[in-house]
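Residue numbers (the working numbering), protein chains in the order written: chain L, 1 to 302; chain Z, 303 to 604.
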């Protein structure tokens, strides 16, 4: 699973700071979270394929998270995509996107909308299990957590003991149920206990909520807003429903994540990299990422 | 009058090529023509003030000319502007912009719409005389020509002969009518024949039309689309209602402009600067501009 943080900015795009959005590639297919003005350009810079974006997950309807969508869809259209693109977001997203797409009236593919309304839930795209959680912003806003599950090890001794012909082993290993000599065999009969998968969690824009640590629990990567670096910005953070570095770090600790990437920096935060040591003192494995910072997440070698 | 071409691209923004739009500054106030995705970032790069954009002229409703508008308006709003912003464009622009602004519901200033419907006409913004002309694209599209008029020289001998007190001379020179000893004096009584002013013409997207040369006549600067460099792209140009370098150059010659800036390059045109000599062979004073290319137009020293 390849992850690329396309930008690190919040509120508005700046010459040296693109707006925050995340690309996730798995098996050659892409999922995009958020799409502000300029996101399509950052995708081109990243080298990930526009054409292979199967779903766009939108956290909320503030312009810095969605204004790039009509341009992105037009560019995907020009890349000759014909398959539908899923658009997922808060209740009302279908109307919002249709309104924005007044300047993109003729896309060569369908848009398939999913409107989220529950406080939390789960859906699956391209084998990725995507959990969502309602956050605490000035408007309804969801965090997303993407999990790639990993089955247990294949146990040839079990398969042999059950008398399953070797030609079926690969299918069982892939998770398929097979029929042989009138009998059905399911993967759980020949696989060990599920192994640790991969998990990436993305939360912006929000105040801290009690549910966030559980939501991000044991993530390999936790991409979380840190709108303001210093604790003396707390009042501003509370008013605008954003987070301090220290608040994001606390959630990262409570959630026992492997790595925290802070993002969605306020335009008033001129040089977030100055706060690198401060951020690490709050939570050791904190990264102040650059635009287009990438990470390849791989299964443990077990 | 300061001119800044914010980008040179057409169709979609690219990592090394922002979308075409033009900023015109006069007396510290700005007018913007077109606003595609990323235009607000280019304005920041240009150093021109977002806050002082009094009017946005939109050529037509294709995304690469208007998709950046909600983000721009939000950023102007954050710069604490309170005065209205004029939005001018084809019939229907009010509905299009309102639809796009579904993600910018609370601007701290009014939008004042002007919908153009005639084949040509004129309006005035900040002392600038703005002519518009219907072009020939796949959707209704206007070219804009901005003229700063220049009055004739002040003739002190006329003022003295008329017995006008010296304290009124400055006002007359500025174009005001004054009253002195019960008599009215108008500027034309003390000014020579109007001198050459400044004129900038902006035409994109379009096929050549018979009216364009007259519209751009004697421009100091003619910013014109040259979507394709080579004449062998004619069929493509005709189908998509765009222009070749050679077609833009012919209009520049017929219009007797001082300088031609080609822009709105097709993404398929990888390196327009390769065609510099070719473009100059078509019309001598042709510039293949870079992003943020600026020019300060000044009155002749007469």
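Beta carbons are placed, not taken as given, at the ideal position from N, Cα and C, and that holds for glycine.
So what does residue i bridge to, in DSSP terms?
| i | result |
| --- | --- |
| residue 416(Z) | 390(Z) |
| residue 120(L) | 133(L) |
| residue 261(L) | 223(L) and 287(L) |
| residue 202(L) | 144(L) and 223(L) |
| residue 332(Z) | 327(Z) and 355(Z) |
| residue 179(L) | 184(L) |
| residue 125(L) | 128(L) |
| residue 303(L) | With chain L running from 1 to 302 in the structure shown, residue 303(L) is simply not present. |
Quick check: the Cα distance between residue i and residue j, rounded to an integer number of angstroms?
| i | j | result |
| --- | --- | --- |
| residue 35(L) | residue 137(L) | 18 angstroms |
| residue 93(L) | residue 564(Z) | 39 angstroms |
| residue 306(Z) | residue 403(Z) | 26 angstroms |
| residue 282(L) | residue 390(Z) | 51 angstroms |
| residue 599(Z) | residue 574(Z) | 25 angstroms |
| residue 317(Z) | residue 17(L) | 13 angstroms |
| residue 208(L) | residue 241(L) | 9 angstroms |
| residue 60(L) | residue 49(L) | 24 angstroms |
| residue 446(Z) | residue 432(Z) | 7 angstroms |
| residue 456(Z) | residue 471(Z) | 9 angstroms |
| residue 517(Z) | residue 415(Z) | 24 angstroms |
| residue 56(L) | residue 82(L) | 16 angstroms |
| residue 437(Z) | residue 444(Z) | 5 angstroms |
| residue 405(Z) | residue 368(Z) | 15 angstroms |
| residue 91(L) | residue 538(Z) | 42 angstroms |
| residue 592(Z) | residue 567(Z) | 11 angstroms |
| residue 27(L) | residue 1(L) | 8 angstroms |
| residue 177(L) | residue 152(L) | 15 angstroms |
| residue 25(L) | residue 58(L) | 17 angstroms |
| residue 44(L) | residue 245(L) | 30 angstroms |
| residue 31(L) | residue 73(L) | 13 angstroms |
| residue 157(L) | residue 181(L) | 19 angstroms |
| residue 119(L) | residue 128(L) | 20 angstroms |
Helix, strand or coil: how does DSSP classify residue i here?
| i | result |
| --- | --- |
| residue 597(Z) | strand |
| residue 65(L) | helix |
| residue 357(Z) | strand |
| residue 48(L) | coil |
| residue 223(L) | strand |
| residue 443(Z) | coil |
| residue 98(L) | helix |
| residue 456(Z) | strand |
| residue 107(L) | coil |
| residue 573(Z) | coil |
| residue 578(Z) | helix |
| residue 289(Z) | In the structure as shown, chain Z starts at 303 and stops at 604, and residue 289(Z) therefore has no counterpart that could be examined. |
| residue 207(L) | coil |
| residue 5(L) | strand |
| residue 319(Z) | strand |
| residue 240(L) | helix |
| residue 380(Z) | helix |
| residue 250(L) | helix |
| residue 469(Z) | helix |
Taking only beta-carbon atoms, is residue i less than 7 angstroms away from chain L?
| i | result |
| --- | --- |
| residue 315(Z) | yes |
| residue 373(Z) | yes |
| residue 365(Z) | yes |
| residue 351(Z) | no |
| residue 343(Z) | yes |
| residue 401(Z) | yes |
| residue 398(Z) | yes |
Determine whether the Cβ of residue i lies closer than 7 angstroms to any Cβ atom of chain Z.
| i | result |
| --- | --- |
| residue 38(L) | yes |
| residue 216(L) | no |
| residue 44(L) | yes |
| residue 312(L) | Because chain L is modelled from 1 through 302, residue 312(L) falls outside the range shown and cannot be assessed. |
| residue 266(L) | no |
| residue 74(L) | yes |
| residue 66(L) | yes |
Enumerate in chain order the residues of its own chain whose CB-to-CB distance from residue i is below 6 angstroms, with the five nearest sequence positions on each side excluded.
| i | result |
| --- | --- |
| residue 588(Z) | 562, 581 and 582 |
| residue 552(Z) | none |
Going along the chain, which residues of its own chain have a beta-carbon closer than 7 angstroms to the beta-carbon of residue i, five neighbours each way excluded?
| i | result |
| --- | --- |
| residue 330(L) | Since the first residue of chain L shown is 1 and the last is 302, residue 330(L) is not available in this structure. |
| residue 590(Z) | 564, 574, 575, 577, 578 and 581 |
| residue 314(Z) | 366 and 569 |
| residue 230(L) | none |
So, at 8 angstroms on beta carbons, what are the nonlocal neighbours of residue i in its own chain, with the 5 sequence-adjacent residues on each side left out?
| i | result |
| --- | --- |
| residue 84(L) | 109, 110, 111 and 112 |
Using a Cβ cut-off of 7 angstroms (strictly closer), state whether residue i contacts chain A.
| i | result |
| --- | --- |
| residue 526(Z) | The structure shown has no chain A; the protein chains it does contain are L and Z. |
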